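Heads up, the thing below is written out as structure tokens.
Protein chains: 2
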Amino acid sequence: MTGWIAVAGLGPGDEALVTPEVTQALAEATDVVGYGPYVARVAPRDGLVLHPSDNRVELERAAMALDLAAQGRRVLVASSGDPGVFAMAAAVFEALEDGPAHWRELDIRVLPGITAMLAAAARAGAPLGHDFCAINLSDNLKPWSVIEKRLRLAAEADFAMAFYNPRSRARPEGFAKALAVLREACGDDRLILFARAVSTPEEALRIVPLGEARAEMADMRTMVIVGSSRTRIIERPGAPILYTPRSVPEDAS
Amino acid sequence: MTGWIAVAGLGPGDEALVTPEVTQALAEATDVVGYGPYVARVAPRDGLVLHPSDNRVELERAAMALDLAAQGRRVLVASSGDPGVFAMAAAVFEALEDGPAHWRELDIRVLPGITAMLAAAARAGAPLGHDFCAINLSDNLKPWSVIEKRLRLAAEADFAMAFYNPRSRARPEGFAKALAVLREACGDDRLILFARAVSTPEEALRIVPLGEARAEMADMRTMVIVGSSRTRIIERPGAPILYTPRSVPEDAS
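In order, the protein sequences belong to chains A and B. With the working numbering applied, the first sequence corresponds to residues 1 to 253, in that order. With the working numbering applied, the second sequence corresponds to residues 1 to 253, in that order.
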């Protein structure tokens, strides 16, 4: 048996958002490695070994996956969303770079998926319809000063901003600080979307101006998108539409 | 018949990257509206009317789709990639906002897809594995001064940068100007990825330092990704891996 490793994105939750490429790789895999809740999304079958692991052990998990592949197993590393956006792909390559030389000969693929910001944006309308940035608000792996600097520069660039990991039990105060920086940089009227558990039965969307945003509106399952200065709402029967027009006027610079 | 409109992302080209949600919507649609090459990706069948249109007529196309849905048709607006990222979703909402009031009562959905930057990043490794931004380099809908300002601020923020529409026949000089700004702001050693026609038979990837990048390395089918200061290459047998580690050191701010 020739081993391989496929770092695959399972999308935001709904099976209808899993690509056929990922479904095929799951059908061919002998092992699935990943954070417990993501591995739990894979249907068990004969010949498939599931290896759920805890959160925050990404490098150990990546090394285990690489080692299994080196033994000839066909290993799928399960990420939610897209594996290349604040997920397992970078962790696998960090482990690869620091690992034994023979790992570099492995067949390694990254299989893209629907990342949370695109699913959330689609549900709300098109808030990322113009230039935007994506920032991981967790300060586990970078200092808060870097996050704050990036928020201020993104506001100055007038990017829409998508925030991953806005809030966790381990860092309850970080998101409140981020909201304060954003209010100062973008003003109280700037629109912000809280999109929780998009594409699952618990999905809930809320759009408010920054002046009314509270840290408690986000939890670990919430994707947050702050609009640019051009982002607007279309009111209509039912849920409003949040979108960013494609154009910037000539006098905007 | 109750009409609806689904603005759907067909992904970068490979059918294995089309979500089941989009495949289902295509099966239920009576009409497909879109730019000719994207409509050409939809298999004809009895009862399905294809409406291919030219490039750069997004608002007219959007208005036609909304009007068909208002007549009770089930209309799929075909985008490549993800419809919310420099594609048709924002155009549909612009047309909706300026159109007749009864359009606001329509059943409108946006169906996400694998956008080009995620497909390109996956093929190369994980260059978007840390904070990043996405910028449309076309100056059709915004002044060049805004693009240049955003490039400089993104470099200062040390974002990886994904560029859509880097180069077209109508704007041959814009991308060369962007490369000059990036060399000045990021230095000649910064890594840049040219990913052409990802997931199609014409796929071709090339990674060079900015100092060796030339505007001719991109065309209309090329996705360009410039790494952050932390983006690196892992050499190995076959294609190298381009990735951005998840962490920023404590002294980086």
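For every residue, glycine included, the Cβ atom is placed at its ideal position computed from N, Cα and C. Here the structure is a predicted model, which means the values were calculated and not measured.
query	result
Does the segment 223 to 236 of chain A come within contact of the segment 117 to 136 of chain A, defined as at least 3 CB pairs closer than 8 Å?	yes
By DSSP, does A/Pro20 sit in helix, in strand, or in coil?	helix
Verify the CB distance criterion: does A/Asp82 have a CB-CB separation below 7 Å to chain B?	yes
Quickly, what does DSSP pair B/Ala78 with across the bridge? List them, please.	B/Ala8 and B/Gly34
By DSSP, does B/Ser53 sit in helix, in strand, or in coil?	strand
Answer with yes or no whether the minimum CB distance from A/Cys133 to chain B is below 7 Å.	yes
Please go through the segment 101 to 148 of chain B and give each complete beta strand (DSSP E) segment of 3 or more residues, from N-terminal end onward.	107 to 111 and 132 to 136
If I measure Cβ to Cβ from A/Met88 and keep anything under 6 Å in the same chain, skipping five residues before and after, which residues do I get?	Val7, Val77 and Ser79
Does any residue of chain B have a CB that is nearer than 7 Å to the CB of A/Lys142?	yes
Give a yes or no on whether the C-beta atoms belonging to B/Val18 and B/Arg123 are separated by under 7 Å.	no
Measuring only between beta-carbons, confirm whether A/Glu94 sits less than 7 Å from chain B.	yes
Report the neighbours of B/Leu111 on chain A: residues whose CB is nearer than 7 Å to its CB, in chain order.	Ala122
What separation, rounded to the nearest whole angstrom, lies between the Cα atoms of B/Ala65 and A/Arg45?	44 Å
So, at 6 Å on beta carbons, what are the nonlocal neighbours of B/Gly36 in its own chain, with the 5 sequence-adjacent residues on each side left out?	Pro52
Cβ closer than 9 Å: which chain B residues qualify as neighbours of A/Asn136?	His130, Asp131 and Arg246
Which residues, in chain order, does the segment 215 to 245 of chain B contribute to contact with chain A at a C-beta distance below 7 Å?	Ile234, Arg236, Pro237, Ile241, Tyr243, Thr244 and Pro245
What is the rounded straight-line gap between the Cα of B/Ala69 and the Cα of B/Ala195?	36 Å
Given a cut-off of 7 Å on the beta-carbon distance, is the pair A/Pro12 and A/Ala119 in contact?	yes
With distances taken between CB atoms, is the gap from B/Arg73 to B/Gly3 smaller than 7 Å?	yes
For A/Val39, which three-state DSSP category applies?	helix
Closest to B/Glu28 by C-alpha separation, out of B/Arg41, B/Ile5 and B/Ile207, would be which residue?	B/Ile5
To which residues does DSSP link A/Thr222 through a beta bridge?	A/Arg196
Using C-beta distances below 6 Å, list every residue in its chain close to A/Ala62, excluding the 5 sequence neighbours before and after it, in chain order.	Ala91, Val92 and Ala95
Assuming A/Arg152 contacts A/Ala185 under a Cβ cut-off of 8 Å, what Cβ separation, rounded to an integer in Å, is found between them?	6 Å
Within the 7 Å Cβ cut-off, does B/Glu105 reach chain A?	yes
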